[in-house]
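Heads up, the thing below is written out as structure tokens.
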Amino acid sequence: TVSSHYPLILHAGAMMQEVPSSFKRMVAARAGESVRAVATIQKTATPELGEGEVLVRVMAAGINGGCDTFKARGERAFAGLKNVTNYKLGSEGAGIVLCCGPGTQLQPGDAVAFVGSAFSEVDIVKESSCHCFGKASNQTPKSYRETAALRISGLTALVALELTGEIQQGQTVLITAAAGGTGHFAVQIAKFNGACVIATCGSEEKAKVLCDLGADRVVVHSQEDLSKVLDNEFPEGLDLVYEGVGGKMHTTALAHLKPGGRQLQVGYISHYPNAAGKDEDANQGETLAEAFWTGKTWALPDNKTVYFNVWAGMKRTTHSEAPGGKPLTRLFNLWLTGDLRALVDQKEFVGLEKAPDAVEYMLSGKSIGKVVLDLSG
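Written as structure tokens, this is what we have:
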């Protein structure tokens, strides 16, 4: 329970934030078919904070369809949860620091984006997983929704393209699922770096968004054959690919990669359990899944490389400080200056009980930008 030395009321700028003695969170009773099948809302006492921990009032939780689904199923990286009961759900979020454990630098009233178990009214989070983007008194609900999108989806795009892919000015870059939660960030980051961007999506509505974000060529895959477009309009091939779909999209991109080109595999959503559409090649899905979750690197003929661990570039410490500071700092600075737009899908999901709806919507392929769960009420 909350220790007696916690103040009951903490001043967060103009906002009074109470440290609750208990709170509600979404847990999996035990692993099962989907988030909807396992989710239950549990009330729990607020624990004392350990070394390096902070208590965050969650304002918005990001929806991460693959991560959330595999966690609910106790599969892949979450296989250790298979026989665990009442384990916490959610991944990234944004909110307000209520109080801080020993050995922390954050202050009550700081606005942070974090990685944790964000399907919760409050979350106990390691300070090291938090990024402070200002004071709560200066934020709007929109700020929390957008920073929840930045924390994993935005950072993935930045690190993959700039550090692992080592993107260069003038390169030809293909981004698949480009209007999605991470794809729309990748389009913008590739353009910042002076690339020619080919972006794929599934509808005219999404195509308009991608043109607005600066994509040079948008391919609506239900209307045009990507392979023919690449053959006819980009015969020299692709320098870099940011790919999260799998299936035919994965093989088409790989077939058009230049000698020395790099493919950054950030997911394989067409093969995910509960994703929209039919998995046309389950064997391919299993191959991609095994490579993705074990962080493999495929070294292919003609010096082509497929990175399944798109974070590999973080090891290049000399790069991680440039061009605008450490990746998370650079990412948030681009957002704070208005140079990077964080698109949040307009469909609203409000309250913990809407988390399964939000996950299913994200997996439907209909969303534009990041799907976010609003927990500010």
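Numbers 1 to 377, taken from our numbering, label the letters of the sequence shown in order. Virtual Cβ for every residue (Gly too), placed ideally from N, Cα, C.
- Message: Only counting the same chain, and skipping five residues up and downstream in sequence, which positions put a Cβ closer than 7 Å to that of Val-58?
- Response: Gly-93, Gly-95, Ala-118, Ser-120, Glu-121, Val-122, Asp-123, Leu-375, listed in sequence order.
- Query: Which same chain residues, not among the five before or five after Ala-39, have their C-beta less than 6 Å away from its C-beta?
  - Reply: So the qualifying residues of the chain are Met-26, Pro-356.
- For Ala-160 and Val-266, believed in contact at Cβ under 8 Å, the rounded distance: The beta-carbon distance between Val-266 and Ala-160, rounded to whole angstroms, is 6 Å. This is short enough to meet the 8 Å contact definition.
- Query: Can you list, in chain order, the residues of its chain whose CB lies under 6 Å from that of Ala-291, leaving out five sequence neighbours each side?
  - Reply: Counting only Cβ-Cβ distances below 6 Å, and skipping sequence neighbours, we find Phe-308.
- Item | Buried versus exposed call for Ala-79 [16 or more other C-beta atoms within 10 Å across all chains shown] | Ala-79 comes out exposed.
- Task: Check the C-beta distance from Cys-201 over to Ala-186 and give it rounded, since I have them as a contact under 8 Å.
- Result: Contact doesn't hold; Cβ gap of about 12 Å is too wide.
- Using the rule of at least 16 other Cβ atoms within 10 Å of the residue's Cβ for burial, across every protein chain shown, is Ser-153 buried or exposed? Counting the other CB atoms within 10 Å of its CB gives Ser-153 a total of 16 or more, which places it among the buried residues.
- Task: Starting from the C-beta of Phe-133, find all residues in its chain whose C-beta is less than 6 Å away, skip the five residues before and the five after it, and write them out in chain order.
- Result: Ala-111, Thr-147, Phe-332, listed in sequence order.
- Span of the alpha helix (DSSP H), counted from its first residue to its last, around Glu-290: Where Glu-290 is concerned, the enclosing alpha helix (DSSP H) stretches over 282–293.
- Using 7 Å as the cut-off, classify the Cβ of Phe-185 as near or not near the heavy atoms of the ligand FAD, replying yes or no. This structure simply doesn't include the ligand FAD, nor any ligand for that matter.
- Query: Grouping DSSP H, G and I as helix and E and B as strand, with all else coil, what is Gly-62?
  - Reply: Here Gly-62 sits in strand by DSSP.
- Item | Start-to-end residues for the beta strand (DSSP E) that takes in Glu-92 | Run containing Glu-92: 92–100, per the beta strand (DSSP E) assignment.
- Query: Relative to the C-alpha of Ser-60, which residue among Leu-363, Gly-351, Ser-364 is closest?
  - Reply: The sequence shown places Ala at residue 60, rather than the Ser named in the question. Of the listed residues, the one whose Cα sits closest to Ala-60 is Gly-351.
- Pick from Lys-278, Phe-349, Leu-106, Gly-338 that is closest to Ser-143, judged by C-alpha positions: It is Gly-338.
- Message: Between which two residues does the beta strand (DSSP E) holding Phe-78 run?
- Response: Element bounds for Phe-78: n/a, residue is neither H nor E.
- Under 8 Å, do Pro-102 and Glu-48 count as touching if we go by C-beta distance? When the beta-carbon positions are compared, Pro-102 and Glu-48 stay at least 8 Å from each other.
- Message: For Ala-255 and Gln-171, I'd like the C-alpha separation in whole angstroms.
- Response: Each residue's Cα considered, the two are about 17 Å apart.
- Query: Could you give the distance in angstroms between the alpha-carbon of Asp-279 and the alpha-carbon of Leu-55?
  - Reply: Separation of Asp-279 and Leu-55 (C-alpha to C-alpha, rounded to the nearest whole angstrom) is 41 Å.
- Item | 7 Å Cβ shell around Ala-190 - same chain, five flanking residues per side excluded | Exclusion of the five residues before and after Ala-190 leaves Leu-161, Ile-167, Val-173, Ile-175, Val-197 as the residues of its chain whose Cβ lies within less than 7 Å of its Cβ.
- Item | Straight-line gap, Val-84 to Leu-300 (C-alpha atoms, nearest Å) | Cα-Cα distance, rounded: 40 Å.
- Item | Secondary structure, beta strand (DSSP E): runs of 3+ residues fully inside the region 214–268 | Under the rule that a run must span 3 or more residues, the beta strand (DSSP E) segments found entirely inside the region 214–268 read 217–220, 238–243, 257–265.
- Message: Relative to the C-alpha of His-250, which candidate in Leu-288, Ala-215, Asp-231 has its C-alpha closest?
- Response: When only C-alpha atoms are compared, the closest one is Leu-288.
- Every unbroken beta strand (DSSP E) within the region 122–163, with a cutoff of 3 residues, ordered by chain: 122–126, 130–135, all fully within the region 122–163.
- Rounded to the nearest angstrom, how far is the Cβ of Glu-53 from that of Val-115, given a contact under 8 Å? Rounded to the nearest angstrom, the Cβ distance from Glu-53 to Val-115 is 13 Å, too far for a contact under 8 Å.
- Where DSSP assigns a beta bridge to Cys-196, which residues make up the other side? Thr-172, per the DSSP bridge assignment.
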